[in-house]
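What follows is a single structure, written as structure tokens, with notes after it.
Protein chains in written order, with this note's numbering: chain A, 893 to 1179; chain B, 40 to 631.
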């Protein structure tokens, strides 16, 4: 159960509600380790919601399984914490059923790129108007330190001694190639910049993908140095996916900001304005 | 056809069973469909079962048509007529098209010898030059000559055939005329074939429907309130989805073709969580992939309907042919203690009401409901009386805005607790597959686990399912229990044995899970012996009933795998044998 401390509505008070990031946080205490990047991502998400003055009850935060996937219950919005890897499917269902809701799907690199990889491709190409946030720490944290699709090939672990020997997956290029309409990279250590990017992502029509580098201080303590590596992207966003893909394939992996904002038409969510009655369907069965 | 077995002579049943066979692309399915449509216009009932080889194009195909003066939801024991446009691979249907010495084989004169398997039955063979006839009528097709032959043999009036052709016609007038002439030529040629059983003179009746089980299930779902579907194509469920895609759009709903079954189930769980009654349809392999998502719907208490149009299994199995072998999986195939509802329509017509009821159950119980249809019902088309609208619509218990002390998973006496729906202020919660406390906060505590397990079991166990749980018919010391598409041939078998004096009760179960032992006890009042009938290799229904219900006497099983449909005669024989054993000691309960 979330803390549903929703501010008094316009109807009740006669004036627009003032919403601070705190209004979007629940009373549930996160299970995350001290120093986990996901705390900051939670703050950035709630800040983005408040920047957009969304009514918490009109936002659905959807996730799968993993450390970062615990995030829905930490918000005061409606939450859906489903099964491993299927967050984008569940979020797509929510948005198609209720187009007026704001849907934010969140999770980690294992959930989104490994077990959920197929849904990632198809969510990008389907281009339903929702926002997908991946808190990428290049590791399975909840199961205590196994390599994920974004883990470096030589990273040593109990499950893959000496490393997997398999090259890392490049989520941004995949997203661009698959048709995502908005692609950005953010860093949990910059909560304000991340909030800004998230607000843009939510506003942008179609499927918006935000990859957030969010260190796992427990299993990947070396990621603490990420804060020294990150830097704003030296060039402005483009609406040309080929150019964006070339840039992200050749950058150092630490270019932060909106990298691509496309103009693809989102998946149509409109329902027929003049639905017919069910009885009218019977005509075709008449013998 | 009215052969029946010798012990239980079948009562005469006015009508005709005709198999139209040929290679894929020969147009036999079109001819069969038009024959059925024409029969409906003439006032007959009927059934058309489609059977084909695995090839997409060019394989063998047959339309198995039964026309009758009374409702028919079963094939007969054999066929009065086999009408073949060619013989390419048609011998592969020898088991599916049983003939006897009383049968007539009409072969295409230009297509060579009748396969030995058919001739060995002693059936009479007449060759007709249908191809040459069609060639002689510019712009006409051989299958329309065959339609004329079949229509005349069945005793259908020309106007009915012409009306059926007219209604389906999408080409120009000239070719319509040519093909009508081909039908006429076929009707004329049939005069030389000698008599076969045919329909009596009938009056056209308004209000009848021509519908397949897949369409019926889709329509029932919409009647019940389903407005969102996500699904992945799979034989033999695809037509259900293809029917629903435009139909849902018309009534203001949405259908999405998902990337796989994992996406399908999670999409509908998401959509239903958001407040819209939702459904997916699949077959065994898809159901297997969906189990984790169905378990999520159990745990998060999200209503969803999953239609499984069963086919031969395991694995890829026999995709285009029927079997009732997903039962065990449907009633128990989820990890953890996961109560769910399983409903099985008892006929093509019942696919409407049973699916509509399933939407009601899903919404009322905030639970997944698995609907067990099968290829036989799903892909067959029948002439039926318009299924009345039960008026049952899915309604869920929803929390009021800002409901005081809202607890999504409150431990209520009924086990059902109000849902918060996104968009409604003051009832936000996180739906979760993790075990939880009443508030919905994840909990691994022993007490919370017990409370929530009890709640989820209780809501299904305590619900009032009313009379729809089964159709109970007749009296006798012997009761036959069956579900799904076995019920059609079973009803016919029971009518036959009753006509010869055997007393038997039929329990056609619609609600397979949760098990309601007290309901079955009531239905089995006075019964000393039961016979469980099902189409699978493992006697799954028999074992399920023995595990969950108290069955009187020494329960017997009659089961065999697909893909061949049950014939009324084999079931009648089994019933007569079981009735004869009531007073005798049991030797072997499960005879294979």
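Positions of the beta carbon are idealized from the N, C-alpha and C atoms, including for glycine.
Next item on the list: Sort B:617, B:350, B:409 and B:196 by Cα distance to residue 394 of chain B and report the nearest one.
Entry: Within the second chain, numbered from 1, the residue matching residue 394 of chain B stands at position 355. Out of B:617, B:350, B:409 and B:196, B:409 has the C-alpha closest to the C-alpha of residue 394 of chain B.
Next item on the list: Tell me whether residue 612 of chain B is buried or exposed, calling it buried when 16 or more other Cβ atoms sit within 10 Å of its Cβ.
Entry: Start at 1 with the first residue of the second chain, and residue 612 of chain B comes out as number 573. Classification for residue 612 of chain B: buried.
Notebook entry, point to check: Cα separation between residue 560 of chain B and residue 447 of chain B?
Noted result: By one-based count along the second chain, residue 560 of chain B stands at place 521. By one-based count along the second chain, residue 447 of chain B stands at place 408. Each residue's alpha carbon lies about 36 Å from the other.
Note to self: I want to see whether chain A comes within less than 8 Å of residue 298 of chain B, judged by CB atoms only; does it?
What the structure shows: For the purposes of this step, residue 298 of chain B is taken as the residue at position 259 of the second chain. Interface residue, yes.
Note to self: Can you confirm whether residue 126 of chain B, when its beta carbon is compared against all beta carbons of chain A, has any partner nearer than 8 Å?
What the structure shows: Residue numbering aside, residue 126 of chain B sits at position 87 when the second chain is read from its first letter. Not an interface residue.
Margin query: Using beta carbons (cut-off 8 Å, strictly below), is residue 941 of chain A in contact with chain B?
Written below: Within the first chain, residue 941 of chain A is the residue found at index 49, counting from 1. Residue 941 of chain A does not count as touching chain B.
Checklist line | Chain-ordered residues of the region 961-990 of chain A with a beta carbon less than 7 Å from chain B | finding: 964, 965, 968, 969, 970, 971, 972, 973, 974, 975, 978, 981, 982, 983, 984, 985, 986, 988, 989 and 990
Notebook entry, point to check: Considering residue 248 of chain B, what are the terminal residues of the alpha helix (DSSP H) in which it resides?
Noted result: Along the second chain, read from residue 1 onward, the residue named residue 248 of chain B stands at position 209. Residue 248 of chain B -> not in any alpha helix (DSSP H); beta strand (DSSP E) instead, spanning 247-251.
Notebook entry, point to check: Excluding five sequence neighbours on each side, which residues of the same chain lie with their C-beta closer than 7 Å to the C-beta of residue 1133 of chain A?
Noted result: Along the first chain, one-based indexing puts residue 1133 of chain A at 241. Answer for residue 1133 of chain A: 1068, 1152 and 1154, listed in chain order.
Next item on the list: Identify the continuous alpha helix (DSSP H) that holds residue 930 of chain A and give its terminal residues.
Entry: For the purposes of this step, residue 930 of chain A is identified with residue 38 of the first chain, where counting begins at 1. Segment 930-943, the alpha helix (DSSP H) holding residue 930 of chain A.
Notebook entry, point to check: If residue 88 of chain B sits next to residue 364 of chain B, beta carbons under 8 Å apart, how far is it from one beta carbon to the other, in whole angstroms?
Noted result: Here residue 88 of chain B refers to the residue found at position 49 of the second chain. Here residue 364 of chain B refers to the residue found at position 325 of the second chain. Wrong, their Cβ atoms sit about 19 Å apart, outside the cutoff.
Item checked: Alpha-carbon spacing of residue 113 of chain B relative to residue 610 of chain B, whole angstroms -> Locating residue 113 of chain B in the second chain gives position 74, where the first residue counts as 1. Locating residue 610 of chain B in the second chain gives position 571, where the first residue counts as 1. So the alpha carbons of these two residues sit roughly 12 Å apart.
Notebook entry, point to check: Hey, how far is the Cα of residue 562 of chain B from the Cα of residue 74 of chain B?
Noted result: Counting from one through the second chain, the residue named residue 562 of chain B turns up at place 523. Counting from one through the second chain, the residue named residue 74 of chain B turns up at place 35. Rounded to the nearest angstrom, the two C-alpha atoms are 40 Å apart.
Check: Can you tell me the Cα-Cα spacing of residue 1176 of chain A and residue 78 of chain B, whole angstroms?
Finding: Position 284 of the first chain, counted from the first residue, corresponds to residue 1176 of chain A. Position 39 of the second chain, counted from the first residue, corresponds to residue 78 of chain B. When rounded, the distance between both Cα atoms is 17 Å.
Check: On the three-state DSSP scale, how would you describe residue 84 of chain B?
Finding: Within the second chain, the letter at position 45 stands for residue 84 of chain B. Here residue 84 of chain B sits in strand by DSSP.
Note to self: I'd like the span of the alpha helix (DSSP H) that includes residue 170 of chain B, first residue to last.
What the structure shows: The residue labelled residue 170 of chain B in the question sits at position 131 within the second chain. 169-174 is the extent of the alpha helix (DSSP H) around residue 170 of chain B.
Note to self: Taking the alpha-carbon of residue 1170 of chain A as reference, which of B:490, B:260 and B:383 has the nearest alpha-carbon?
What the structure shows: Mapped onto the first chain, residue 1170 of chain A falls at position 278. Nearest C-alpha to residue 1170 of chain A: B:260.
Note to self: Can you look up residue 272 of chain B in the DSSP assignment and give me helix, strand or coil?
What the structure shows: Along the second chain, one-based indexing puts residue 272 of chain B at 233. In this structure, residue 272 of chain B counts as coil in the three-state DSSP scheme.
Check: With a cut-off of 8 Å, does the C-beta of residue 1010 of chain A fall near any C-beta of chain B?
Finding: Translated into the one-based positions of the first chain, residue 1010 of chain A becomes position 118. At least one chain B Cβ lies under 8 Å of residue 1010 of chain A.
Check: Taking all protein chains shown into account, do 16 or more other C-beta atoms lie within 10 angstroms of the C-beta of residue 632 of chain B, making it buried, or fewer, making it exposed?
Finding: Summary: the structure shown does not reach residue 632 of chain B, with chain B confined to residues 40 through 631, and so no result is reported for it.
Margin query: Can you list, in chain order, the residues of its chain with a C-beta nearer than 8 Å to that of residue 577 of chain B? Leave out the 5 residues immediately preceding and following it.
Written below: Against the second chain, residue 577 of chain B aligns to sequence position 538. Within the same chain, residue 577 of chain B has close Cβ partners 364, 367 and 598.
Item checked: For residue 1028 of chain A, the residue or residues it bridges with in DSSP -> Sequence index remark: in the first chain, residue 1028 of chain A carries index 136 (1-based). DSSP output for residue 1028 of chain A lists A:1105 as bridge partner(s).
Next item on the list: Give the straight-line distance between the Cα atoms of residue 200 of chain B and residue 222 of chain B, rounded to the nearest whole angstrom.
Entry: Here residue 200 of chain B refers to the residue found at position 161 of the second chain. Here residue 222 of chain B refers to the residue found at position 183 of the second chain. Each residue's Cα considered, the two are about 8 Å apart.
Check: In three-state terms, what does DSSP make of residue 1174 of chain A?
Finding: Taking the first residue of the first chain as position 1, residue 1174 of chain A is located at position 282. Here residue 1174 of chain A sits in helix by DSSP.
Margin query: In the DSSP output, what is residue 115 of chain B paired with across the bridge?
Written below: Looking up residue 115 of chain B in the second chain gives position 76. According to DSSP, residue 115 of chain B bridges with nothing at all.
Notebook entry, point to check: DSSP state of residue 312 of chain B, grouped into three classes?
Noted result: The residue you call residue 312 of chain B lines up with position 273 of the second chain. Looking at residue 312 of chain B - three-state DSSP - the assignment turns out to be helix.
Checklist line | Beta bridge counterpart(s) of residue 267 of chain B as assigned by DSSP | finding: Position 228 of the second chain, counted from the first residue, corresponds to residue 267 of chain B. The partner list for residue 267 of chain B (beta bridge, DSSP) reads B:293 and B:317.
Next item on the list: Write down the C-beta distance between residue 964 of chain A and residue 973 of chain A rounded to the nearest angstrom, noting that I regard them as a contact closer than 8 Å.
Entry: Within the first chain, numbered from 1, the residue matching residue 964 of chain A stands at position 72. Within the first chain, numbered from 1, the residue matching residue 973 of chain A stands at position 81. Confirmed, Cβ separation roughly 5 Å.
Notebook entry, point to check: Is the number of C-beta pairs between the region 510-529 of chain B and the region 541-553 of chain B that are closer than 8 Å three or more?
Noted result: yes
Margin query: Which residue marks the beginning of the beta strand (DSSP E) containing residue 544 of chain B, and which one marks its end?
Written below: Walking along the second chain from the start, residue 544 of chain B turns up at place 505. Taken as a continuous stretch (DSSP letters only), the beta strand (DSSP E) holding residue 544 of chain B covers 543-548.
Item checked: Neighbourhood of residue 170 of chain B by C-beta, 7 Å cutoff - its chain only, sequence neighbours within 5 removed -> Taking the first residue of the second chain as 1, we reach residue 170 of chain B at position 131. Only 147, 149 and 181 meet the Cβ criterion.
Notebook entry, point to check: Does residue 1140 of chain A come within less than 8 Å of chain B when only Cβ atoms are used?
Noted result: Translated into positions along the first chain, residue 1140 of chain A becomes position 248. Closer than 8 Å: no.
Checklist line | Straight-line gap, residue 438 of chain B to residue 467 of chain B (C-alpha atoms, nearest Å) | finding: Working through the second chain from its first residue, we reach residue 438 of chain B at position 399. Working through the second chain from its first residue, we reach residue 467 of chain B at position 428. Rounded to the nearest angstrom, the two C-alpha atoms are 10 Å apart.
Notebook entry, point to check: Listing by chain order, which chain A residues have their CB less than 9 Å from the CB of residue 290 of chain B?
Noted result: By 1-based counting over the second chain, the position of residue 290 of chain B is 251. Near residue 290 of chain B (Cβ distances below 9 Å), the residues of chain A are 1164, 1167, 1168, 1169, 1170, 1172 and 1173.
Note to self: Can you give me the C-alpha to C-alpha distance between residue 1075 of chain A and residue 374 of chain B, rounded to a whole angstrom?
What the structure shows: Translated into the one-based positions of the first chain, residue 1075 of chain A becomes position 183. Translated into the one-based positions of the second chain, residue 374 of chain B becomes position 335. Taking the straight line joining both Cα atoms gives about 38 Å.
Checklist line | Test: residue 153 of chain B CB closer than 8 Å to a CB of chain A | finding: Within the second chain, residue 153 of chain B is the residue found at index 114, counting from 1. By this cut-off, residue 153 of chain B is not an interface position.
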